[in-house]
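Asks: Plus 617 on top of the position in the sequence shown (first one is 1) and you've got our numbering.
Backbone N, C-alpha and C fix where the C-beta goes; we use that ideal spot for every residue, glycine too.
If you scroll down you'll find the structure; I have some questions about it.
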Amino acid sequence: ELTKTGACRQAVGTDGELTGSAGKPYCGYYTEAEVRDIVRYATERYVDVVPEIDLPGHSQAAIAAYPWLGVTGQRPPVWTDWGVSPWLLNPDGKTLRFVEDVLDEVMRLFPSKYISLGGDEADKRQWNASPEVRAQMRKLGLANMDQLQGWFIGRLADHLVQHGRTPVGWDDELVAGATLPASQVVMSWHGDDHERVALQAIRQGHDVVMTPQESLYFDHYQSALPDEWAGPAPMATLRQAYDTAVVPPGASAAEAARIIGVQAGLWAEQMPTFAHDQHAVFPRIAALAELGWSPADAHDWNGFLQRLPAELARYRALGIGYADGAFAPAFHVAAGADGAFRVELSSQTGFGAIRYTTDGSAPAADSARYAQPLTLPGGTTLRAATFAADGFELAAPRTQVLDETTLLTREGSALATCSQQPPSRLDGSRPAQGPRPVYAVDIGNACWLWPQASLAGVKHVALDVERIAWRFGDEASGAVVRRKASAAGEFEIHADSCAGPLLASLPLAPATQAQGQTRLDANLAMPVGAGVRDLCIFATGDPRDGQWALARIAFSK
Ligand code: ACM
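Printed below as a string of structure tokens:
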């Protein structure tokens, strides 16, 4: 049942592109033979594969296969959302026997010393609501549900120890104020408070693997470039990965010795392709390697950068599609004198030389080197790329066209979110031609800001929008619902603030059934004026019915 029912979910959103149609479920599991093949391949390369059976949360697929493993007795669907599922395993003896049986099979397949029991993101709603689970907690003399999770995981940790294995798990219960089984190695992903949780884990006697989500979750996007790939917020740059505190501040030498490793995460909800995996992993994994293998006193960001071109050349020779966002040129365009444009170029790291052309050709290692802001006439196609001292191309060419539309148009990714929170970057559906769009979206709040827009004389506006299937489960609690003026809702553009005068209303009726992007057009309801105005752009309605994404906004005269 685990590989029949539990291994198939309904295709939602872009899943249909993977299965061939929206009606065809997305399925997959590893056979025993495939697992053995993976373990053999890794062993030949001196790599241990550490399996994780995540308990008691992240288990909805198991409950879909065997509803008696859950608390309510009901059969949920296999989850199609991202984030935290409310379906928890029932922490009773019957579940323990089932999970021990699963772990026995895991131990047969994986020779690894370490086996992870997970323990992260276990929302206790169903446990709290269940008289049986509450009775179980009282019978065990436990004060709360976090202690009950500790008891449940502790039983399974004992089972692994009895079989000569070392249990591993996430740091969540330490964050919740409970303890973890003494035998357990802790993977600390809550780095947000100066690695305090990791230090607490050490002081409670655990060995610790550092994996702070802020810098070592490689599924997170890594630049603010318009062509950055999809991934969760916040940004985790190459520099942030390199600067990860492997030893928590305040640790003594003896405590530092309890840090047994460092780990990156590559959560795959938004990684449908191997190309995306490569983009996310390389070159940040070079930073991870140096964190793990070089002594702290050899840590040197500038030295790392100097050595990186040779590593990127190796990636290129191996055909690895690495991310060049740490070096790629970004364009900052403003109005210059007499209708000309003033363009500043910069890159995330400032490493290497940005070189450019103005005739549309690809920049080469001997093209003009950018040194100061450029003044360029309308009609110019500016192209820029970044080169190392030896001429190696660190970042592929990026293009900026300068014409009468440039300053009146903004890509959605160049707008701020109304919450001022960093946006998620979400894949849109694949168009018939051209690259797949990626949208910068504050999930649950379809609202963007264009501060200080200079829009003298504009009369017309066009928006390119796409509706993204809602699959953001636990993000729903903060969803911002805005009053609709029509059944399908609309995009509204307001001046000065989101409650300011309405500049334009663009009904969404033509876009609700569309696959991919739809262009909405409207004449402005009032003149914008000659000065600069702050703009607020939002979709009305409930984002849980479908999250609107904004590809670009383009004004015209
Ligand atoms: C985790 O990121 N939920 C471990």
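Can at least three beta-carbon pairs, one atom from the stretch 1144 to 1152 and one from the stretch 1106 to 1113, be found at a separation below 8 Å?
Replies: Verdict: yes, contact present.
Asks: Can you give me the start and stop residues for the beta strand (DSSP E) that E1028 sits inside?
Replies: Start and end: T1026 to E1028.
Asks: Am I right that N1140 and K1076 are in contact with their C-beta atoms under 8 Å? What's the rounded C-beta distance?
Replies: Indeed they touch by this definition, with Cβ atoms about 6 Å apart.
Asks: Check the DSSP bridge columns for E1010 and list the partner residues they point to.
Replies: Partner(s): F1004.
Asks: Could you spell out where the beta strand (DSSP E) holding F948 opens and where it closes?
Replies: F948 -> beta strand (DSSP E) spans A947 to A952.
Asks: What number of angstroms, rounded off, separates the C-alpha of G674 from the C-alpha of V792?
Replies: One C-alpha to the other measures close to 16 Å.
Asks: Decide if the stretch 983 to 996 is in contact with the stretch 954 to 972; the criterion is three or more beta carbon pairs, one per stretch, under 8 Å apart.
Replies: Cβ pair count under 8 Å is three or more, so yes.
Asks: Hey, would you say G1090 sits closer than 8 Å to G700, going by beta carbons?
Replies: For G1090 and G700, yes; Cβs fall inside 8 Å.
Asks: The beta strand (DSSP E) spanning V1055 covers which residue range?
Replies: That run of the beta strand (DSSP E) goes V1055 to V1058.
Asks: When the Cα of T689 is compared with those of Q1130, L929, E749 and E717, which residue comes out closest?
Replies: Of the candidates Q1130, L929, E749 and E717, the one whose C-alpha sits nearest the C-alpha of T689 is E749.
Asks: Can you tell me whether L1032 is helix, strand or coil according to DSSP?
Replies: L1032 falls in the coil class under three-state DSSP.
Asks: With distances taken from CA atoms, which of A1121, A1012, S1122 and E1107 is nearest A1128?
Replies: Minimum Cα distance to A1128 is reached at E1107.
Asks: Taking only three categories from DSSP, how would you classify L1123?
Replies: Strand.
Asks: Can you list the alpha helix (DSSP H) stretches of 4 or more residues lying completely in the stretch 753 to 834, in chain order?
Replies: Qualifying alpha helix (DSSP H) stretches, in chain order: 762 to 779, 789 to 792, 813 to 820 and 830 to 833.
Asks: With a threshold of 8 Å between beta-carbons, can A1142 be considered close to chain C, or not?
Replies: The chain inventory of the structure shown lacks chain C, comprising one protein chain alone.
Asks: Got a sec? Which residues, its chain only, sit under 8 Å from P900 by beta carbon, not counting five neighbours each side?
Replies: Closer than 8 Å at Cβ, skipping near neighbours: L855, L925, E928, L929, Y932, Y939, A940 and A943.
Asks: What first and last residue would you give for the alpha helix (DSSP H) that runs through H1111?
Replies: It is not in any alpha helix (DSSP H) - H1111 instead sits in the beta strand (DSSP E) that spans E1107 to A1112.
Asks: How about E738: is its Cβ closer than 7 Å to a heavy atom in ligand 1?
Replies: Within the cutoff, so yes.
Asks: For V1145 and N745, I'd like the C-alpha separation in whole angstroms.
Replies: Each residue's alpha carbon lies about 54 Å from the other.
Asks: Note down, in chain order, each residue of its chain lying with its Cβ closer than 7 Å to the Cβ of A858, except the 5 sequence neighbours on either side.
Replies: Closer than 7 Å at Cβ, skipping near neighbours: S832, L833, R901, A904 and L905.
Asks: Leaving out five residues before and five after A1093 in sequence, what residues of the same chain have Cβ atoms less than 6 Å from its Cβ?
Replies: Hits under 6 Å: R1161.
Asks: Checking 8 Å against the spacing of the C-beta atoms, do A1031 and E1083 come in under that value?
Replies: No; because the gap between Cβ atoms is not below 8 Å, this pair is not in contact.
Asks: Could you spell out where the beta strand (DSSP E) holding V1149 opens and where it closes?
Replies: Residues V1149 to A1156.
Asks: Judging by CA-CA distance, which residue of S805, A868, T1003 and K1174 is the nearest neighbour of Q965?
Replies: Closest option to Q965, Cα to Cα, is T1003.
Asks: Taking the runs of the beta strand (DSSP E) that are 3 residues or longer, which of them lie wholly in the stretch 662 to 694?
Replies: Runs of the beta strand (DSSP E) inside the stretch 662 to 694: 669 to 672.
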